[in-house]
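Undergrad: In my numbering, the protein residues as written are 79 to 484. Note that CB positions come from ideal geometry on N, CA and C, so glycine has one too. I have a structure I would like to understand better, so I am pasting it below and will then ask my questions one at a time.
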Ligand code: PMP
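Here it is in structure tokens:
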């Protein structure tokens, strides 16, 4: 499919919604993304003519739902280039994926005195579970610092590496700074110490292709709703060898082979980690989301987003009193900023008056805010369906905010 932005925008009904009497300028894509018609159709069809539970019944609807459910898993495998279908665990999102690894891998294999390495730019969901584990086990959380551009301090990372570290869990793309981290370097270095690496890919998957085999990461997590898919579904990729060694996360239906009061044996991968009825509609709806991206192609998406990043940076920098928070060497089009003397919440409320949707607050990255001496930033996070005109609209709305506060 050629990259025809106007045609693409028509595939997303939510982009036509009016806010304050005009079509929304949606710049909150790091929080969640709009869905193409094919995703909405798949979810709608499951609820109107396809409702059944999966992996259980032999009746026609159940077999169809199971086939669709498993077809999503197959598409995920291709989408992130996993080696095996058994390595694709369906979760309810990034947060659950990290919590699964913490509860299963963390509780089974970490012990007192061990260290877990994260970075200063992690989302709270990649900090708090590890703190909980540290408290329980007597482990230590170590932090790779960031510099004032919003890049990881790789020199410090090298210095922090040691044999006590039993897991490195880092974000690929920062949701509050837009930084794309050099995770290949991190993984390669980790290999020298035989440290498993978890990559939080929540903000990466919508911007560029992922190849878990090329990355050679041990775990990779992401959420469907940030990938133009439904809410309530996510993915944990794990290397089969590692997943096989890990105990189950939750107990219940589907994750067992045989149950008796004397002894229960567990199902094979990936089902061992999928207890209970999953979010079937959302899993089914995730497949067309990935297919939509594949049909456009990441080469065009990246080229378009590169232009948005360059243009957005250029025009935002011209606004007097505006400081962009996050000027990393490699970025996606996410613009966090501070406008001198104006509270982020006021900015968010006022630009909404012109139909512009941005995020304000700490973006679940309080340590990042602390680093920059701020309580909050305003954040415009763009996706491939955004345009230069969207950026112009934001700039215009920010002009209005400045006038009000002048
Ligand atoms: N990590 C990052 C980098 C994120 O941006 C987010 C969502 N803002 C999460 C983790 C958590 O994702 P979810 O809420 O979908 O579980």
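Indicate whether the contact test is met: 3 or more Cβ pairs, each with one atom in the segment 409-423 and one in the segment 252-269, closer than 8 Å.
TA: They touch, by the three-pair rule.
Undergrad: What do you get for residue 296, buried or exposed, if any count of 16 or more other CB atoms within 10 angstroms of its CB means buried?
TA: Here residue 296 refers to the residue found at position 218 of the chain shown. Buried.
Undergrad: In terms of residues, what are the limits of the beta strand (DSSP E) holding residue 244?
TA: By 1-based counting over the chain shown, the position of residue 244 is 166. It spans 243-249 - the beta strand (DSSP E) in which residue 244 sits, taken as one unbroken run.
Undergrad: Return the CA-CA distance between residue 468 and residue 439, expressed in angstroms with no decimal places.
TA: Walking along the chain shown from the start, residue 468 turns up at place 390. Walking along the chain shown from the start, residue 439 turns up at place 361. Their backbone Cα atoms lie some 21 Å apart in a straight line.
Undergrad: Measure the alpha-carbon distance for residue 140 versus residue 168 and round it to whole angstroms.
TA: Residue numbering aside, residue 140 sits at position 62 when the chain shown is read from its first letter. Residue numbering aside, residue 168 sits at position 90 when the chain shown is read from its first letter. For residue 140 and residue 168, the distance between alpha carbons rounds to 18 Å.
Undergrad: Between the segment 158-172 and the segment 343-361, do at least 3 Cβ pairs fall closer than 8 Å?
TA: Yes: at least three Cβ pairs fall under 8 Å.
Undergrad: Would you give the residue range spanned by the alpha helix (DSSP H) that residue 395 belongs to?
TA: The residue you call residue 395 lines up with position 317 of the chain shown. That run of the alpha helix (DSSP H) goes 376-395.
Undergrad: State the beta-bridge partners of residue 100 as determined by DSSP.
TA: In the chain shown, the residue the question calls residue 100 occupies position 22. DSSP, once it has assigned bridges, lists 97 as partnering residue 100.
Undergrad: CB of residue 440 to nearest heavy atom of the ligand PMP: below 6 Å?
TA: The sequence position of residue 440 within the chain shown is 362, counting from 1. No - the ligand PMP has no heavy atom lying nearer than 6 Å to the Cβ of residue 440.
Undergrad: Return the CA-CA distance between residue 171 and residue 158, expressed in angstroms with no decimal places.
TA: As a first step, residue 171 must be located in the chain shown, where it is residue number 93. As a first step, residue 158 must be located in the chain shown, where it is residue number 80. Each residue's Cα considered, the two are about 16 Å apart.
Undergrad: Taking the C-alpha atoms as reference points, what is the distance between residue 82 and residue 151?
TA: Walking along the chain shown from the start, residue 82 turns up at place 4. Walking along the chain shown from the start, residue 151 turns up at place 73. Computed Cα separation, rounded: 29 Å.
Undergrad: If you draw a straight line from the C-alpha of residue 149 to the C-alpha of residue 365, how long is it?
TA: Taking the chain shown and counting its residues from 1, the one referred to as residue 149 is at position 71. Taking the chain shown and counting its residues from 1, the one referred to as residue 365 is at position 287. Roughly 8 Å separates the two Cα atoms.
Undergrad: According to the Cβ coordinates, are residue 197 and residue 176 closer than 7 Å?
TA: Locating residue 197 in the chain shown gives position 119, counting from the first residue. Locating residue 176 in the chain shown gives position 98, counting from the first residue. No; because the gap between Cβ atoms is not below 7 Å, this pair is not in contact.
Undergrad: Count the CB pairs spanning the segment 105-117 and the segment 452-469 that are closer than 8 Å, and state whether there are at least three.
TA: The segment 105-117 vs the segment 452-469: in contact.
Undergrad: Could you check where the alpha helix (DSSP H) with residue 277 kicks off and where it finishes?
TA: On the chain shown, residue 277 is found 199 positions in, with the first residue counted as 1. No alpha helix (DSSP H) holds residue 277; the beta strand (DSSP E) holding it covers 275-278.
Undergrad: Could you tell me whether the Cβ atoms of residue 362 and residue 125 are closer together than 7 Å?
TA: On the chain shown, residue 362 is found 284 positions in, with the first residue counted as 1. On the chain shown, residue 125 is found 47 positions in, with the first residue counted as 1. Cβ atoms of residue 362 and residue 125: not closer than 7 Å.
Undergrad: Buried or exposed for residue 265, please, with buried defined as at least 16 other CB atoms from any protein chain shown within 10 angstroms of its CB.
TA: Translated into positions along the chain shown, residue 265 becomes position 187. So residue 265 counts as buried.
Undergrad: For residue 535, list the residues DSSP reports as bridge partners.
TA: Look at the range of the chain in this structure, 79 to 484, and you will see that residue 535 is not part of it.
Undergrad: At which residue ranges does the segment 103-173 contain complete beta strand (DSSP E) runs of 3 or more residues, listed in the order of the chain?
TA: List check, beta strand (DSSP E) in window: 166-169.
Undergrad: Got a sec? Which residues, its chain only, sit under 7 Å from residue 483 by beta carbon, not counting five neighbours each side?
TA: Indexing the chain shown from 1 puts residue 483 at position 405. Taken in chain order, the residues that qualify are 419, 420.
Undergrad: Under DSSP, the alpha helix (DSSP H) around residue 402 begins and ends at which residues?
TA: Working through the chain shown from its first residue, we reach residue 402 at position 324. Residue 402 -> not in any alpha helix (DSSP H); beta strand (DSSP E) instead, spanning 400-403.
Undergrad: Give the DSSP bridge partners of residue 179, in chain order.
TA: Counting from 1 along the chain shown, the entry for residue 179 is found at position 101. Note: residue 179 sits in no beta bridge, so no partner.
Undergrad: Using 7 Å as the threshold, is the C-beta distance between residue 388 and residue 227 below it?
TA: Taking the first residue of the chain shown as position 1, residue 388 is located at position 310. Taking the first residue of the chain shown as position 1, residue 227 is located at position 149. No, these two residues do not count as a Cβ contact at 7 Å.
Undergrad: Would you say the beta carbon of residue 202 is closer than 6 Å to some non-hydrogen atom of the ligand PMP?
TA: Sequence index remark: in the chain shown, residue 202 carries index 124 (1-based). For the ligand PMP, not one heavy atom lies less than 6 Å from the Cβ of residue 202.
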